[in-house]
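Engineer: Taken in sequence, the protein lines are chains A and B.
The numbering of the first sequence is full-length UniProt numbering, which starts it at 1 and goes up by one.
The numbering of the second sequence is full-length UniProt numbering, which starts it at 1 and goes up by one.
This is the structure, below, for whatever I ask next.
Number of protein chains: 2
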Amino acid sequence: MLSRPDVAVIGAGPVGLAIAWRCAARGLRVAVHDPAPGSGASHVAAGMLAPVAEAYFGERELTGLLTASAARWPAFAAELTEAAGADVGHRTEGTLVVGLTGDDLAEARRLWAYQQRLGLPVTPLRPSQLRDREPALAPRLRGGALAATDHQVDPRRLVPALRTAAERAGAVVVPGLVTRLSDVDAGTVVVAAGCGAAALAGLPVRPVKGQVLRLRAPGGGGPGFRHVIRGYADGERVYLVPRDSGEVVVGATEEERSDTTVVAGAVLRLLRAAVDLVPELAEYDLVETLAGLRPGTPDNAPILGPLPGRPGVIAATGHHRHGIVLTPVTADLVAGLIVDGVADPLLAPFRPDRFGTEENTWN
Amino acid sequence: MLSRPDVAVIGAGPVGLAIAWRCAARGLRVAVHDPAPGSGASHVAAGMLAPVAEAYFGERELTGLLTASAARWPAFAAELTEAAGADVGHRTEGTLVVGLTGDDLAEARRLWAYQQRLGLPVTPLRPSQLRDREPALAPRLRGGALAATDHQVDPRRLVPALRTAAERAGAVVVPGLVTRLSDVDAGTVVVAAGCGAAALAGLPVRPVKGQVLRLRAPGGGGPGFRHVIRGYADGERVYLVPRDSGEVVVGATEEERSDTTVVAGAVLRLLRAAVDLVPELAEYDLVETLAGLRPGTPDNAPILGPLPGRPGVIAATGHHRHGIVLTPVTADLVAGLIVDGVADPLLAPFRPDRFGTEENTWN
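Below, the structure written as structure tokens:
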């Protein structure tokens, strides 16, 4: 245990650990509090680094942050691999976004046009071009697009690597649940507790349930495709993330619920959409079904920066679907706030005080 | 440990334990050998007692045995409940067999006509009559039938109850795998080892893989239907077995494979068929996916009786899909063979020597 650390981070998910790593590497004494490091949303997450495919209408500022963070990922992954001595499954084959039916393709095209207007690199492909890139795709797909800069990382490798890197830099992971901010005594307290930020700091973070499957290629080989595949299949949105290990992550529902049960209908819809897009997945082992809770916010964007009326407390939560991709930029900017006292302009749209000061307007 | 027991049973599934119970209750000293009692096919089985719905073309002798055993079930369940002091989930609401599409119904009707020619109690019902009995059934079902005497039991309650009853009667369960018959020294050796009978005794038993799901009604209540429901849904055969606990067993594939992996396509087909027949199942939790290996035989019928050329060795295996329903009759007849030396005429069609004496003709 540290006697009064410079920084106490509440939450040992990717965001909390990366902040701890950055601060410890800058010479601060850092404690990270978590009853079960890496057991939250990151345990369920697929690990897509997809600022392009995740650029949705009306989320322009979020798209800017996603893009900035994704651009940091190659260097971040390399530095982390070096610091931790562990591979984090960073892969750069890019993402294919596909539409199964004419309606699916029409919906996708509307979004690609918007993404192109933002200057994002999304390249429409004909069915034959899709199948040239990934012969495993269903022949009846009506079309798709390549988002070449949308990559992936393996969250289940990322978390232990970040912990190792943070600990090697001098941070201490303290087991145990923090239920009140006042229970932690440190120069700066960082709330990186995902959904727990609501109870801890009154922030407008709510759980958004996501159900996810993990398949495994039969026979011990790798999956029969290399790109991340995202798509619309008869109106159902699904993603397929292949790993070198043979694992394919299939996700995900988005539900305004706070339970983590796996429900038959969700599994049915995910499997049907997955097999519609990549028929060979029917032959894959189903090795895991689980659900996690994303920390959602009123505007789907994270909450980053000093808490109004709480000197010395900084929020780094509410990352919703984007916790993995936003890990590098969150860590860099929050460490900059703490160590240098400098608020990067990138942070401005994500300040905690944007929801107003009345706590009851947040919930 | 017993010094040279009268009877050594190899295999502590329902069949082996019930034989042990019957023999011990008749005063014999009985040992049951199994490395993991109740971990075989019975752990996966749904526990339907369905001689009518399982009466298929060309299996008339098997149908006779199934009917005889099902008739013994009410008394067997009552006696076992008394002996073990444990409920085994015996339920007598009957079975509804349904057809989703016109083609499904046509296929089902052909079988019902055959079953009626055998004098079996199967009563066709119109869609409105089906829904009167089970409002949870899909409105678009084209028709069905009631097999009122096809009941159910819970195999996961049955096995521990049988073990308790056998032990209370004096039988001893010996942990450990028997790999050769000659390793067991007893007056009579009973091979009740399921698929293990092939390696142990050269019997023509092969694994038939079955994948099964377990759902659970949300909110802690019971399922929204009481009958066992079996059906054809767009050519897919599925059964749904509701338990008081809220569990619904959904099964099952039949595959000529010896692995026990759970495969995405099988889960997809089972879930789709289940939700097609009973839409509310989409809202149920998916709590378990697993696969087991049924002990199949060349003619789908069990192998019951003295092994040719092996004095003192009796087979009680090869029960394929019917191990649970056939447990009472198997136990009674095999105990009769051992204790009284009497071969019931019911056994005649199931003698081990029916496959010929050349081992290579069995495999």
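Where a beta carbon is used, it is the ideal one built from N, C-alpha and C, also for glycine.
(1) Counting Cβ pairs, one atom from each stretch, are 3 or more of them under 8 Å apart for the segment 127-147 of chain A and the segment 166-182 of chain A?
(2) Give the DSSP-derived three-state secondary structure of Y284 (chain B) in the structure shown.
(3) Closer than 7 Å by C-beta to R168 (chain A): which residues in its own chain qualify, once you throw out the five before and the five after it? Chain order, please.
(4) Would the segment 245-262 of chain A and the segment 300-317 of chain A be scored as touching if the rule is three or more Cβ pairs under 8 Å?
(5) Could you pull the DSSP bridge partners for L293 (chain A) from this structure?
(6) Which residue from B:V339, B:R351, B:H322 puts its Cα closest to that of V52 (chain B)?
(7) Looking at the unbroken beta strand (DSSP E) that takes in D244 (chain A), where does it start and where does it end?
(8) Is E236 (chain B) helix, strand or coil by DSSP?
(9) Could you tell me which of A:G202, A:T327, A:T81 sits nearest to L66 (chain A), measuring between CA atoms?
(10) Among all the DSSP beta bridges, which residues are the ones paired with G99 (chain A)?
(11) To the nearest angstrom, how far is it from the Cα of V9 (chain A) to the Cα of R214 (chain B)?
(12) Do A106 (chain B) and V212 (chain B) have their beta-carbon atoms positioned less than 8 Å apart in this structure?
(13) Which value, in whole angstroms, describes the spacing of the CA atoms of S245 (chain A) and G221 (chain A)?
(14) Please classify T149 (chain A) as buried or exposed, where buried requires at least 16 other C-beta atoms within 10 Å of its C-beta.
(15) Do you know how far the Cα of V334 (chain A) is from the Cα of V342 (chain A)?
(16) On the CB-based measure, 16 or more other CB atoms within 10 Å of its CB, does residue 436 (chain B) come out buried or exposed?
(17) Below 6 Å CB to CB, which residues in the same chain sit around L62 (chain A) once its five sequence neighbours on both sides are set aside?
(18) What residue range is occupied by the uninterrupted alpha helix (DSSP H) comprising L304 (chain B)?
(19) So E283 (chain B) contacts chain A; which residues on that side make the cut at Cβ distance below 8 Å?
(20) If you compare alpha carbons, which of B:G224, B:A166, B:A186 is closest to residue 365 (chain B)?
(21) If you measure beta-carbon to beta-carbon, which residues of the segment 266-278 of chain A are closer than 7 Å to chain B?
(22) For the pair the segment 262-273 of chain A and the segment 271-282 of chain B, tell me if three or more CB-CB distances fall below 8 Å.
(23) By DSSP, does P255 (chain A) sit in helix, in strand, or in coil?
(24) Who are the neighbours of I289 (chain B) on chain A, taking C-beta pairs under 8 Å?
(25) For the beta strand (DSSP E) containing L333 (chain B), name the first residue and the last one.
(26) Who are the near neighbours of G224 (chain A) in its chain, counting only those whose CB is closer than 6 Å to its CB and skipping five residues on each side?
(27) Using a Cβ-Cβ cut-off of 8 Å, state whether E359 (chain B) counts as contacting chain A.
(28) Given that L118 (chain B) touches chain A, what residues does it touch there, using C-beta distances under 7 Å?
(29) Looking only at DSSP bridge pairs, what is V190 (chain B) linked to?
(30) Taking a Cβ distance cut-off of 9 Å, strictly less, list which residues of the segment 122-140 of chain B are near chain A, in chain order.
(31) Give me the Cα-Cα distance between D285 (chain B) and G102 (chain B), rounded to the nearest whole angstrom.
(32) In chain order, what residues of the segment 191-221 of chain B put their CB closer than 9 Å to some CB of chain A?
(33) Here's the rule I'm using: 16 or more other beta-carbon atoms within 10 Å means buried, otherwise exposed. How should E359 (chain B) be labelled?
(34) Kindly give me the distance between the Cβ atoms of L293 (chain A) and R163 (chain A), rounded to whole angstroms, as I take these residues to be in contact under 8 Å.
(35) Going by other Cβ atoms of all chains shown within 10 Å of its Cβ, with 16 needed for buried, is V259 (chain B) buried or exposed?
(36) Report the CB separation of H195 (chain B) from P352 (chain B) in whole angstroms; it is logged as a contact under 8 Å.
Structural biologist: Considering the structure as presented:
(1) no
(2) Translated into the one-based positions of the second sequence, residue 284 (chain B) becomes position 284. Coil.
(3) In the first sequence, counting from the first residue as 1, residue 168 (chain A) sits at position 168. Same-chain partners within the cutoff: A83.
(4) no
(5) What you label residue 293 (chain A) is simply residue 293 of the first sequence in a count that begins at 1. Per DSSP, A:K209.
(6) By 1-based counting over the second sequence, the position of residue 52 (chain B) is 52. Here the closest residue by C-alpha is B:H322.
(7) Start at 1 with the first residue of the first sequence, and residue 244 (chain A) comes out as number 244. Element bounds for D244 (chain A): n/a, residue is neither H nor E.
(8) If you number the second sequence from 1, residue 236 (chain B) lands on position 236. In the structure shown, E236 (chain B) sits in a strand (DSSP, three-state: E or B).
(9) Within the first sequence, numbered from 1, the residue matching residue 66 (chain A) stands at position 66. Ranking the options by Cα distance to L66 (chain A), first place goes to A:T327.
(10) Indexing the first sequence from 1 puts residue 99 (chain A) at position 99. DSSP output for G99 (chain A) lists A:G143, A:Y232 as bridge partner(s).
(11) If you number the first sequence from 1, residue 9 (chain A) lands on position 9. If you number the second sequence from 1, residue 214 (chain B) lands on position 214. One C-alpha to the other measures close to 41 Å.
(12) Mapped onto the second sequence, residue 212 (chain B) falls at position 212. Mapped onto the second sequence, residue 106 (chain B) falls at position 106. The answer is no: Cβ separation not under 8 Å.
(13) One-based indexing of the first sequence puts residue 245 (chain A) at position 245. One-based indexing of the first sequence puts residue 221 (chain A) at position 221. Between S245 (chain A) and G221 (chain A), the C-alpha separation is close to 8 Å.
(14) Within the first sequence, the letter at position 149 stands for residue 149 (chain A). By the 10 Å Cβ count, T149 (chain A) comes out buried.
(15) Residue 342 (chain A) sits at position 342 when you count from the first residue of the first sequence. Residue 334 (chain A) sits at position 334 when you count from the first residue of the first sequence. V342 (chain A) and V334 (chain A): Cα-Cα distance of roughly 9 Å.
(16) For chain B, the structure presents residues 1 to 363; residue 436 (chain B) sits outside this window and is missing.
(17) Numbered from 1 along the first sequence, position 62 holds the residue referred to as residue 62 (chain A). Same-chain partners within the cutoff: A301.
(18) Here residue 304 (chain B) refers to the residue found at position 304 when the second sequence is read from its first residue. Per DSSP, L304 (chain B) belongs to no alpha helix (DSSP H); it is in the beta strand (DSSP E), 303-306.
(19) As a first step, residue 283 (chain B) must be located in the second sequence, where it is residue number 283. V263, A264, G265, listed in chain order.
(20) No statement about residue 365 (chain B) is possible, as the shown extent of chain B runs from 1 to 363 and does not include it.
(21) V267, L268, L271, R272, V275
(22) yes
(23) As a working mapping, residue 255 (chain A) is identified with position 255 in the first sequence. Correcting the residue identity first, residue 255 (chain A) is Glu in this sequence and not Pro. It is a strand residue.
(24) Position 289 of the second sequence, counted from the start, is the residue given in the question as residue 289 (chain B). For clarity, residue 289 (chain B) is Thr in the given sequence; the question names Ile instead. Ordered by position in chain A, the residues that pass the 8 Å Cβ test against T289 (chain B) are L286, T289.
(25) Position 333 of the second sequence, counted from the start, is the residue given in the question as residue 333 (chain B). No beta strand (DSSP E) contains L333 (chain B), which is instead part of the alpha helix (DSSP H) from 327-335.
(26) Counting from 1 along the first sequence, the entry for residue 224 (chain A) is found at position 224. The answer, listed in chain order, is A136, E280.
(27) In the second sequence, counting from the first residue as 1, residue 359 (chain B) sits at position 359. Residue placement at E359 (chain B) is poorly supported in this model, since its pLDDT is 49, which falls under 50; the coordinates still yield a value, given next. False, the Cβ-Cβ gap to chain A never drops below 8 Å.
(28) As a working note, residue 118 (chain B) is residue 118 in the second sequence. The contacting residues do not exist; L118 (chain B) stays about 36 Å from chain A at best.
(29) Numbered from 1 along the second sequence, position 190 holds the residue referred to as residue 190 (chain B). According to DSSP, V190 (chain B) bridges with B:V9, B:I314.
(30) none
(31) Counting from 1 along the second sequence, the entry for residue 285 (chain B) is found at position 285. Counting from 1 along the second sequence, the entry for residue 102 (chain B) is found at position 102. So the two alpha carbons sit approximately 30 Å from each other.
(32) L213, L215, R216, P218
(33) Here the question's residue 359 (chain B) lines up with position 359 in the second sequence. Low per-residue confidence applies at E359 (chain B): pLDDT is 49, beneath 50, and the placement is therefore not dependable, though the value from the model is reported in the following sentence. Answer is exposed; the Cβ neighbour count stays below 16.
(34) The residue given as residue 293 (chain A) occupies position 293 in the first sequence. The residue given as residue 163 (chain A) occupies position 163 in the first sequence. Wrong, their Cβ atoms sit about 21 Å apart, outside the cutoff.
(35) By one-based count along the second sequence, residue 259 (chain B) stands at place 259. Reading the sequence as shown, one finds Asp at residue 259 (chain B) and not Val. When all chains shown are included, D259 (chain B) counts as exposed.
(36) One-based indexing of the second sequence puts residue 195 (chain B) at position 195. One-based indexing of the second sequence puts residue 352 (chain B) at position 352. In the sequence on display, residue 195 (chain B) carries Cys and not His. In fact, because the Cβ distance is near 16 Å, the residues do not count as touching under 8 Å.
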